[in-house]
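Keeping their order, the protein sequence lines are chains H and G. According to the numbering used here, the first sequence is numbered sequentially starting from 1. According to the numbering used here, the second sequence is numbered sequentially starting from 1001. Quick notes on the structure that follows.
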Amino acid sequence: MEIIQIAYKVILTIVCIFTIFSTMKAKSLWDAIGMSVITMPFLLRLLSIK
Amino acid sequence: MNKKNILTNIAVFAVVAAVFAVASKDFLRMHQRDLINTSNSAITEVKMLSDYSPGLKGTNGDTEIYVLKGEKEGGTALILGGTHPNEIASMLSALTYVENVKIDAGTLYIMPVTNSSGYTHTAPLRGQMDMAEFVLEDGSTREFRMGTRLSNPIDQWPDPNWFLGASGRELRNTETAEVRNLNRNHPGDVNGTFTEKINYGISNLINTEKIDVLYDGHEAGPEFLRVNYTIAHERAMPLASMATMNANIDGFPFKVDVSGASSYGLSHRALGDNTNVYATLFETLNPCMGTSHGKVTEELVLGGKDANYVAMTNAGKLNSGELTEAGSPIELRTAYHMVITKNILESLKEIDPTKAIEFSGLPSFETMSQYGLGATLKPIQ
Chain H
1 MEIIQIAYKV
11 ILTIVCIFTI
21 FSTMKAKSLW
31 DAIGMSVITM
41 PFLLRLLSIK
Chain G
1001 MNKKNILTNI
1011 AVFAVVAAVF
1021 AVASKDFLRM
1031 HQRDLINTSN
1041 SAITEVKMLS
1051 DYSPGLKGTN
1061 GDTEIYVLKG
1071 EKEGGTALIL
1081 GGTHPNEIAS
1091 MLSALTYVEN
1101 VKIDAGTLYI
1111 MPVTNSSGYT
1121 HTAPLRGQMD
1131 MAEFVLEDGS
1141 TREFRMGTRL
1151 SNPIDQWPDP
1161 NWFLGASGRE
1171 LRNTETAEVR
1181 NLNRNHPGDV
1191 NGTFTEKINY
1201 GISNLINTEK
1211 IDVLYDGHEA
1221 GPEFLRVNYT
1231 IAHERAMPLA
1241 SMATMNANID
1251 GFPFKVDVSG
1261 ASSYGLSHRA
1271 LGDNTNVYAT
1281 LFETLNPCMG
1291 TSHGKVTEEL
1301 VLGGKDANYV
1311 AMTNAGKLNS
1321 GELTEAGSPI
1331 ELRTAYHMVI
1341 TKNILESLKE
1351 IDPTKAIEFS
1361 GLPSFETMSQ
1371 YGLGATLKPI
1381 Q
């Protein structure tokens, strides 16, 4: 179970880094809004894990 | 990437984060336990389910067990409310017992929020109400979460493609989410899934405390064939029949049926088979639980009113869940649970006089059904 939890956090971290990076790279306002909205659920989940 | 773009994108990210932070307030509220008035001097002890299932300690599955012990010896009963958190009448009835009952003989173990994890989320895509509020006579309010019938995937994930747990119920295809349904996984497993650990806590509590009778409160949609029915394990049929008959004498439209032999994992079957308890379950009519109701509004959830089901009733399409324009209000549903629980507890001494459970202090059916829960719920100090 511990390994699954660690793997879960690692995957969430990778997803967050990727989507935040994509947000910063966005070329239009709508791209930035879209990528920010996609990022938030993953980021909140990552931050809420005890 | 030019500098201007990055600054704009950072600003957008910050605004979206702020919007999510504000919206998350509602989600976080679902993780805060509803307040209960515990000033009742009859409450002798408050235990936790993790006392009986250690794997639940520190998790969303741990929940309070209120113990009301009389001075005289007698029977023991376990009252479950909120096995399915969206079936709120069962929770409100159990809560009414915790806040009001004075007990002379026997012991009551009451869990108003049985699946605590299920209270932390609502079912996706169902447009559910997540909170119910009642205004009390002194002007204060009580609010209660309305979760959904499954444990939160945050606590138990992922759902398997196939599952055969301790209950013997085989889950496959579209029904595998039922692996998180507390009333499909009795008697549970100390080393099983998160939900099975909650189930194990309940069965271990029954065995450890030598519980004589179990009452599991539920609500069902109008299409369900056993609405306002007591459903009991075959060993509990004399008790359940007596309780239902006594309720009939008092004018309540209740019926009784025996637990299905293949109802694997349901409390009335699995706990009756695997423990010595007299296992009973009762379903009240909640049109919001059905599949044909209209828009989810407060009038539907709390008033129990729905035009679709009235039309189906008038067309003779419903069996036991007929709905009139008067609806099936929360006050009536809660009062029904309160009444049948009382009848079941009182009937235990007819089965075994040494197991009498004697208590008083419950609000009357008339008070609750006519003046509402605002008249019967206690204010929070």
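Glycine included, every Cβ here is placed at the ideal spot set by N, Cα and C.
Quiz item: Where does Y1052 (chain G) sit, in a helix, a strand or coil, going by DSSP?
Solution: Along the second sequence, read from residue 1 onward, the residue named residue 1052 (chain G) stands at position 52. DSSP places Y1052 (chain G) in coil when its eight states are reduced to three.
Practice problem: Could you tell me whether any Cβ in chain H is nearer than 9 angstroms to the Cβ of I1006 (chain G)? | Solution: Here residue 1006 (chain G) refers to the residue found at position 6 of the second sequence. Yes, its Cβ sits closer than 9 angstroms to a Cβ of chain H.
Quiz item: Anyone know if the C-beta pair for R1033 (chain G) and V1113 (chain G) falls short of 9 angstroms?
Solution: Within the second sequence, residue 1033 (chain G) is the residue found at index 33, counting from 1. Within the second sequence, residue 1113 (chain G) is the residue found at index 113, counting from 1. Yes.
Exercise. Have a look at S1148 (chain G) and S1041 (chain G) and give me their C-alpha separation to the nearest angstrom.
Key: Numbered from its first residue, the second sequence carries residue 1148 (chain G) at position 148. Numbered from its first residue, the second sequence carries residue 1041 (chain G) at position 41. In the sequence as displayed, the identity of residue 1148 (chain G) is Thr instead of Ser. Taking the Cα positions, T1148 (chain G) is about 32 angstroms away from S1041 (chain G).
Quiz item: Quick one: is V1015 (chain G) buried, meaning 16 or more other Cβ sit within 10 Å of its Cβ, or exposed?
Solution: Stepping through the second sequence from its first residue, residue 1015 (chain G) is reached at position 15. Looking at its Cβ environment, which holds fewer than 16 other Cβ atoms inside 10 Å, V1015 (chain G) is exposed.
Quiz prompt | Short Cβ contact (9 angstroms threshold) for V1277 (chain G) with C1288 (chain G) | solution = Position 277 of the second sequence, counted from the start, is the residue given in the question as residue 1277 (chain G). Position 288 of the second sequence, counted from the start, is the residue given in the question as residue 1288 (chain G). No.
Self-check item: Short CB-CB distance (under 9 angstroms) between I944 (chain G) and chain H
Solution: Because residue 944 (chain G) is not part of the residues shown, which for chain G are 1001 to 1381, the question remains open.
Self-check item: chain H contacts made by the region 1012-1036 of chain G, where a contact means CB separation under 7 angstroms
Solution: V1012, F1013, V1016, A1017, F1020, S1024
Practice problem: Report the neighbours of I1009 (chain G) on chain H: residues whose CB is nearer than 7 angstroms to its CB, in chain order. | Solution: Residue mapping note: residue 1009 (chain G) aligns to position 9 of the second sequence, counting from 1. The question names Ile, but residue 1009 (chain G) in the sequence shown is Asn. By Cβ distance, chain H contributes T23, M24, A26, A32.
Quiz item: So which of H:S22, H:M40, H:K9 has the shortest CA-CA distance to A32 (chain H)?
Solution: As a position in the first sequence, residue 32 (chain H) is number 32, starting the count at 1. Checking every option, the nearest Cα to that of A32 (chain H) belongs to H:S22.
Quiz item: How about T1083 (chain G) and S1090 (chain G): do their beta carbons lie closer than 9 angstroms?
Solution: Numbered from its first residue, the second sequence carries residue 1083 (chain G) at position 83. Numbered from its first residue, the second sequence carries residue 1090 (chain G) at position 90. The answer is yes: Cβ separation under 9 angstroms.
Practice problem: Under the assumption that T1275 (chain G) contacts P1379 (chain G) (Cβ atoms under 8 angstroms), give the Cβ distance between them as a whole number of angstroms. | Solution: For the purposes of this step, residue 1275 (chain G) is taken as the residue at position 275 of the second sequence. For the purposes of this step, residue 1379 (chain G) is taken as the residue at position 379 of the second sequence. No, T1275 (chain G) and P1379 (chain G) are not in contact; Cβ-Cβ is about 37 angstroms, not under 8 angstroms.
Practice problem: Give the interface partners of L44 (chain H) over in chain G, defined as CB-CB distance under 7 angstroms, in chain order. | Solution: Locating residue 44 (chain H) in the first sequence gives position 44, where the first residue counts as 1. Below the 7 angstroms Cβ cutoff, chain G contributes F1020, S1024 as neighbours of L44 (chain H), in chain order.
Quiz item: When burial is assigned at 16 or more other CB atoms within 10 Å of the CB, is P1222 (chain G) buried or exposed?
Solution: Position 222 of the second sequence holds residue 1222 (chain G). Buried, since its Cβ has 16 or more Cβ neighbours within 10 Å.
Quiz item: For the alpha helix (DSSP H) that contains L1447 (chain G), what are its first and last residues?
Solution: Because chain G spans 1001 through 1381 in this model, residue 1447 (chain G) falls outside it and cannot be assessed.
Quiz prompt | Backbone secondary structure at I17 (chain H) - three-state DSSP | solution = For this step, residue 17 (chain H) is matched to residue 17 along the first sequence. Of the three classes helix, strand and coil, the one that applies to I17 (chain H) here is helix, per DSSP.
Quiz item: Hey, how far is the Cα of L1383 (chain G) from the Cα of L44 (chain H)?
Solution: Outside the displayed range of chain G (1001 to 1381) lies residue 1383 (chain G), so it cannot be described from this structure.
Quiz item: Which residue from G:A1335, G:G1372, G:M1312 puts its Cα closest to that of N1228 (chain G)?
Solution: Within the second sequence, the letter at position 228 stands for residue 1228 (chain G). It is G:A1335.
Quiz item: Name the chain G residues that come within less than 7 angstroms of V37 (chain H), Cβ to Cβ?
Solution: As a working mapping, residue 37 (chain H) is identified with position 37 in the first sequence. Annotation: Cβ neighbours of V37 (chain H) in chain G (cutoff 7 angstroms, chain order): V1016.
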